[in-house]
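Since the structure comes first, as structure tokens, the remarks are kept for the end.
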Amino acid sequence: MKTLSLYDSAKQTLAYFSAVLVLLAIACGWTIVVSNQALMQSVRSAQIRGVFRRIKSELLTVESAQRGYLYTGQSAYWLDLDQERQGLEDLFREGEQLIEDRDQLARLHEVRRLAELKLRELSDSIRLYQNGEPERAKAMVLQGVGHNLMIQLDSLLDQGDATEDGLVDQHRKNFQQATRLLEVVLGAGLVGLFILALVWLSQVRRRLEPLTDCVEMAGLVARGEFPDEKLEVQAFDEVGALTASLNRMLDSLVEAATQTEKAQKKVHETSLSLSQSAVEQAAAVTQQAAGVQEMSTTLQELSHSAAQVAQQASEVGGESREIRASGNRGLRAVQESGEAAQAVRRGVEAMAETTVTLNERAEKVEQIVFSVNELAERSNILSINAALLAASAGDQGKAFGVLANEMQRLAVRSKEATVEAHQILHEIRGEIHRVVMLSEEAVKRVEAGERHSSRADESIRALVEVLQRGDDAFQQIVAATRQQSLALRQVEEALLNIRESSEQVSLGSRRLEKEAESLTQLSGDLERAPLVWARQGSR
Numbered sequence: 012m013k014t015l016s017l018y019d020s021a022k023q024t025l026a027y028f029s030a031v032l033v034l035l036a037i038a039c040g041w042t043i044v045v046s047n048q049a050l051m052q053s054v055r056s057a058q059i060r061g062v063f064r065r066i067k068s069e070l071l072t073v074e075s076a077q078r079g080y081l082y083t084g085q086s087a088y089w090l091d092l093d094q095e096r097q098g099l100e101d102l103f104r105e106g107e108q109l110i111e112d113r114d115q116l117a118r119l120h121e122v123r124r125l126a127e128l129k130l131r132e133l134s135d136s137i138r139l140y141q142n143g144e145p146e147r148a149k150a151m152v153l154q155g156v157g158h159n160l161m162i163q164l165d166s167l168l169d170q171g172d173a174t175e176d177g178l179v180d181q182h183r184k185n186f187q188q189a190t191r192l193l194e195v196v197l198g199a200g201l202v203g204l205f206i207l208a209l210v211w212l213s214q215v216r217r218r219l220e221p222l223t224d225c226v227e228m229a230g231l232v233a234r235g236e237f238p239d240e241k242l243e244v245q246a247f248d249e250v251g252a253l254t255a256s257l258n259r260m261l262d263s264l265v266e267a268a269t270q271t272e273k274a275q276k277k278v279h280e281t282s283l284s285l286s287q288s289a290v291e292q293a294a295a296v297t298q299q300a301a302g303v304q305e306m307s308t309t310l311q312e313l314s315h316s317a318a319q320v321a322q323q324a325s326e327v328g329g330e331s332r333e334i335r336a337s338g339n340r341g342l343r344a345v346q347e348s349g350e351a352a353q354a355v356r357r358g359v360e361a362m363a364e365t366t367v368t369l370n371e372r373a374e375k376v377e378q379i380v381f382s383v384n385e386l387a388e389r390s391n392i393l394s395i396n397a398a399l400l401a402a403s404a405g406d407q408g409k410a411f412g413v414l415a416n417e418m419q420r421l422a423v424r425s426k427e428a429t430v431e432a433h434q435i436l437h438e439i440r441g442e443i444h445r446v447v448m449l450s451e452e453a454v455k456r457v458e459a460g461e462r463h464s465s466r467a468d469e470s471i472r473a474l475v476e477v478l479q480r481g482d483d484a485f486q487q488i489v490a491a492t493r494q495q496s497l498a499l500r501q502v503e504e505a506l507l508n509i510r511e512s513s514e515q516v517s518l519g520s521r522r523l524e525k526e527a528e529s530l531t532q533l534s535g536d537l538e539r540a541p542l543v544w545a546r547q548g549s550r
């Protein structure tokens, strides 16, 4: 049979405790309910009896007022029956709300019916009295239906009070029985709880006894002593599982001690090998660092030389660019001089055309001067003829003679002017001829200048192309030099990284050597530990 675990046993015991507590709670709750019912019944019965008493009091009051009015005839005894009937109706409704027992409720309805008959009888007797039949009205009250109705009402109301007293007594008895039952249940529950607690504590103590052996074994293992005998597993609960686990732990520790001794030997051998490898690696790294340092120095010198070459190539390239710029400026100047020569040629040709036109116009003016000279000759001849005619005419021809003289004088002046104009035109034509000659010579010189300018343009263009090719070559040289310098810097950085890596490897070698020393020390510690355990285990 499988033994329950401590946890399951605790749960089972807790379930028993809970069941007992639930029973106690149910008993207490039932007792409280019964007591509450008894209390409520007492209060309700008191209220119902109060309603019955007030109904009886109201009926007696109405009957007394009726008799006082019938025997004395005084209106002071008169009561409003409708108002009294409404008051009784309110009391009956209140009673219906309070009464729960069916017999009591039927009794209340009977009281209501009789009260209504009583009020009707009172109303009839008063009406007889008011109609002049007082004796008959008194007889109705004393010996008739009204007297019998009051007797029945008193009997019913007394029965209602007795019924309520019986209900109160019944609930009181129920409460007393519930109280006695609660006392019995509480006593039995407490005894049961005490017995359950004793049983559970005894079981727990019995099942926890093996823990003492487990604690002693754990103390021995903590001091490094391995007992030869294992613990006995007495149950299959948590304590049994702990005992079995301690036995397995002891076996694992013994096996771990054996493996630790083997590992100690391997660690010692590995530490010696690592130490030797670290020394050899440190020597190789030192040689590599020296070679890297020499290569770094050489590369720095090459980088410096490459930088100087790049600088000189840049300077030559700058001078080449300046020469090319000067060639471009000269080319632009030659082009501008050629354009200016062409403009001069066009101006000279225009001036030659203008001179030819002016010469043609001067010839026309000279023809006009010849015509004017011819007119002056004719006018002179005409004036001479006129003077001859005037002389032959005598006094009548004096005026005509004066006119002829004047015409002769004008002709002489015109001839002199034409001669002077002819001389001026001759001089102008001479100047025009010289201008034409100079223009032709200027045109020839301009054409020669254009030819020289064209040859200079071609030469300068060839020079610019040569300079352009030279500048491109220098730019390529500069670019190649810069690339070489960049490559040298990259190689230098790579060597620097190699040197740093070598230093890191050297540091790693030193750390490896220290770790090898630590492994050697650890090997010694591991070598001493199994001996201690063995000595303590053999005692």
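Residue numbers (this note's numbering): 12 to 550.
For glycine and all other residues, C-beta sits at the position ideal for the given N, C-alpha and C.
Where does residue i fall in DSSP's three states?
i    : result
G98  : helix
V179 : helix
G230 : helix
E111 : coil
G40  : helix
G203 : helix
G79  : helix
N142 : coil
V554 : Shown here, the chain extends from 12 to 550; a query on residue 554 therefore has no answer.
V244 : coil
D262 : helix
A545 : Confidence in A545 is poor, its pLDDT being 43 and thus under 50, which makes the residue's placement too unreliable to answer from.
Taking the alpha-carbon positions, what's the residue i to residue j distance?
i    : j    : result
K375 : F381 : 10 Å
R343 : R462 : 16 Å
R420 : I395 : 11 Å
R179 : D165 : Checking the displayed sequence, the identity of residue 179 turns out to be Val instead of Arg. Taking the straight line joining both Cα atoms gives about 21 Å.
G40  : L193 : 10 Å
L201 : A26  : 15 Å
Q434 : I379 : 14 Å
M151 : Q188 : 53 Å
Q532 : L257 : 32 Å
A126 : L160 : 8 Å
R529 : R521 : A small correction: the amino acid at residue 529 is Ser; Arg does not occupy that position in the sequence shown. Each residue's Cα considered, the two are about 12 Å apart.
R456 : E469 : 20 Å
A199 : L35  : 9 Å
H437 : R357 : 28 Å
Q515 : T297 : 11 Å
E385 : V423 : 12 Å
E388 : A361 : 40 Å
S403 : E427 : 29 Å
E551 : G441 : The question about residue 551 has no answer, for the chain in this structure spans 12 to 550.
C225 : W211 : 22 Å
CB of residue i to nearest heavy atom of the ligand SAH: below 8 Å?
i   : result
A30 : What this structure holds is no ligand at all, so the ligand SAH is not there to describe.
Since residue i and residue j should fall inside the 8 Å C-beta cutoff, what is the C-beta to C-beta distance between them, to a whole number of angstroms?
i    : j    : result
L207 : T24  : 6 Å
Q56  : E175 : Looking at the sequence shown, residue 56 is not Gln but Ser. Right, their Cβ atoms sit about 4 Å apart.
F205 : S46  : Not confirmed; about 28 Å, so no contact.
R118 : L167 : 6 Å
E107 : L99  : The pair is not a contact, with the Cβ atoms about 13 Å apart (cut-off 8 Å).
Report yes if the CB atom of residue i is closer than 9 Å to the CB atom of residue j, and no otherwise.
i    : j    : result
V62  : E105 : yes
R147 : L139 : yes
V203 : V31  : The question names Val, but residue 203 is Gly in the sequence shown. In contact: G203 and V31 (Cβ atoms closer than 9 Å).
R183 : S53  : yes
L9   : K149 : Residue 9 lies beyond the range of the chain shown here (12 to 550); nothing can be said about it.
A38  : L197 : yes
I137 : L81  : yes
L264 : V244 : no
Count the other CB atoms within 10 Å of the CB of residue i; is the residue buried (16 or more) or exposed (fewer)?
i    : result
S444 : Note that residue 444 is His in the sequence shown, not Ser. That one is exposed.
G171 : buried
L542 : Note that L542 has pLDDT 42, beneath the 50 cutoff, so the model's placement of it is unreliable and no number is given.
T308 : exposed
M228 : buried
L102 : buried
T254 : buried
I59  : buried
L209 : exposed
T429 : buried
I66  : buried
V44  : exposed
E504 : exposed
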